[in-house]
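This note's numbering numbers the first residue of the sequence shown as 932 and each following residue consecutively. Beta carbons: idealized from backbone N, C-alpha and C, even for Gly. Data block below; observations after.
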Amino acid sequence: AVQSGDTLLAIAVKFGVDIDLLAQENGIDDPASLQVDQELVIPYTSEELAAYNASNGAVVPDAEDEETTNDEETTDAAGADEEAAADDTEEASVTPEAEEEPAEEEAASEAAPVSGRIIYPAFNPGTQNYDVWLVDLATEEQTPIAGNASQPDFNQDGSLIAYRSWDLGTRGIFFRDFVGGGSGIVTKFVEDALPAWSPDGFSFVFSSRKEGDRVPRLYIGNRQGTDTVGLGFQGEYPDTFPDGRVVSRGCTPSGDCGIFAMSARGGAEKKISSDPADTAPSVSPNGSKIAFMSSGRGARNWEIFTMDADGSNVIRLTENGNNDGLPTWSPDGQSIAYVSDQGGVWAVWVMNADGSNQRKLFNMKGSPDGKILRDETNSKGWLEERISWAP
């Protein structure tokens, strides 16, 4: 039964099922409508049920035994498994971080196909500022779409972008509508940074050091430029889950730092990674995984990791003598793109979501690592940049 604090996403992640299928099976239109003590049906396939039973110590019959099982026994077993699955939702809250393991190399695995568009920032030594470039992966054509700008983010369907404007006349967060043609500045503090669209395509979360102590904090804004709301959390480099929750690198007032998940309205912060060097979280399209970069966890430099949405099952995906960072998921969730300075040239690379088939997609038009000539105080280099992938 659903317990206090459970979410539909947490339950889906716990039992390894698709959140949309879970909602459909139980007639749930609004994930926020879950009620305490509500009974849920977990939509397992026969293969998934066998895997779940095996992982929980149940005896899984072999094929010959299954053929001799009568219908009544099968019905009873399925009912018992559903009751056990419902009882186990009591454990659907955040679980302790698992011991990290290196990504397994699968020599025979195939590279996931890539498509869509990627936007990225490139520092221009001539102007001593950033430009935002758009790449069509089908043609590999690169087009500059914004000058004096960086930290770009696509919304879910790729119809909107938001970015940080470094232009002297329009400092703050800027948005552009590729479909309707609208654009404009929507926040006006020079310290406002790293916008990340919410699933509704109207609001976005961002970080800012605009307060006098210059500590980064999280805020919610919208594309009308009205009603900016603080989340009351010391955080930076935010992203959003499909259900609207926020994830970011942050610290508690006592100095406990890592990656945290929280409500879109602020509050209920929950630490999901333990290393203070973990940053740049990027949520997978279905909300079950988070990719991030870290120079901790035994890494010699910046590397890419993934973890489950609750912070468990940490896996290191890259391991080399170069810097790899700024991960972003493909729209289908099968691949992760990232920047790397392998070979001494900054480029966008891609790999399967399990870390296999790492390969270069294209060279960038400039380094993501730069300092704005007119504002070195707010310019933090590539560690505070972003790339984004959309259909």
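How many angstroms separate the CA atom of residue i from the CA atom of residue j?
i	j	result
VAL1160	GLY1152	7 Å
PRO1044	SER1185	45 Å
ASN984	ALA954	Reliability fails at ASN984, whose pLDDT of 48 lies under 50, so the model's placement of it is uncertain and the value that follows must be treated cautiously. Each residue's alpha carbon lies about 22 Å from the other.
VAL1146	ALA1208	17 Å
GLN1273	TRP1280	10 Å
GLY1181	TRP1260	21 Å
GLY1166	SER1138	7 Å
ALA1038	ARG1290	Any answer about ALA1038 is weak, because its pLDDT of 46 lies below 50 and its placement is not dependable; what the coordinates show is given next. In a straight line, the C-alpha of ALA1038 is about 14 Å away from that of ARG1290.
ASP1123	ALA1211	16 Å
THR1074	GLY1256	22 Å
ASP1108	SER1114	6 Å
THR1237	ARG1305	36 Å
SER1243	SER1319	25 Å
ASN1217	GLN1087	11 Å
ALA1321	GLY1227	29 Å
ASN1060	PRO974	51 Å
GLU1021	ASP1241	Caution applies to GLU1021, whose pLDDT of 37 falls short of 50 and renders its modelled position unreliable; the value that the coordinates give is listed next. Cα to Cα, the separation comes out at about 14 Å.
VAL1214	TYR1168	12 Å
GLY1111	PHE1120	26 Å
ASP1174	ASP1206	25 Å
ASN957	ASP1170	28 Å
GLY1229	ASN1253	14 Å
ASP1187	GLY1163	16 Å
ASN1283	ASP1300	25 Å
LYS1311	THR1070	32 Å
LEU1248	SER1225	11 Å
ALA1053	GLN969	50 Å
SER1271	GLU1315	15 Å
ASP1084	ALA1192	19 Å
GLY1103	GLY1198	25 Å
GLY1089	PRO1130	12 Å
ASP1098	ILE942	45 Å
ASP1144	VAL972	49 Å
SER1219	GLY1264	10 Å
ALA1268	GLU1200	28 Å
ASN1232	ASN1251	8 Å
GLY1057	ASP1067	25 Å
Considering only the alpha carbon of each residue, which of the options lies closest to residue i?
i	options	result
PHE1105	PRO1258, PHE1135 and GLN1087	PHE1135
PHE1133	SER1096, GLY1312 and LEU1091	LEU1091
MET1295	ALA932, ILE1049, PRO1262 and LEU1248	ILE1049
SER1266	LEU971, ILE973, SER1046 and ASN1232	SER1046
ASP1041	ARG1196, MET1238, ASN1288 and ARG1095	The question names Asp, but residue 1041 in the sequence shown is Glu. The candidate whose alpha carbon is nearest that of GLU1041 is ASN1288.
LYS1327	GLU1071, ALA1284 and ALA1080	Because the chain here runs from 932 to 1322, residue 1327 falls outside it and cannot be looked at.
GLN1155	VAL1117, ALA1077, LEU1292 and GLN1082	VAL1117
ILE1246	PHE1172, ALA1222, ASN1253 and GLU956	ALA1222
ILE1076	THR1070, LEU1068 and TYR1094	TYR1094
TRP1064	THR1070, TYR1051 and THR1058	TYR1051
GLU1072	LEU1292, TRP1313 and SER1298	LEU1292
ASP1285	ALA1127, ARG1317 and ASP1239	ASP1239
GLN1082	THR1101, GLN966, ASN1055 and ALA1127	ALA1127
Which partner residues does residue i have in the DSSP bridge list?
i	result
ASP1239	LYS1220
PHE1054	TYR1061
MET1193	VAL1177
ARG1048	ASP1067 and ALA1321
ASN1294	ALA1278
THR1259	ALA1268
LEU1205	According to the sequence shown, residue 1205 is Ser rather than Leu. Looking at the DSSP assignment, SER1205 forms no beta bridge with any residue, so it has no partner.
ASP1108	LEU1091
ASP1084	ALA1093
GLN1073	VAL1066
GLU1234	SER1225
VAL1214	ILE1221
GLY1198	In DSSP, GLY1198 forms no bridge with anything.
Margin query: Report the start-end ranges of each beta strand (DSSP E) in the region 1121-1182 that is 3 residues or longer and not cut off at the edges.
Written below: 1123-1128, 1134-1139, 1148-1153, 1165-1171 and 1177-1182
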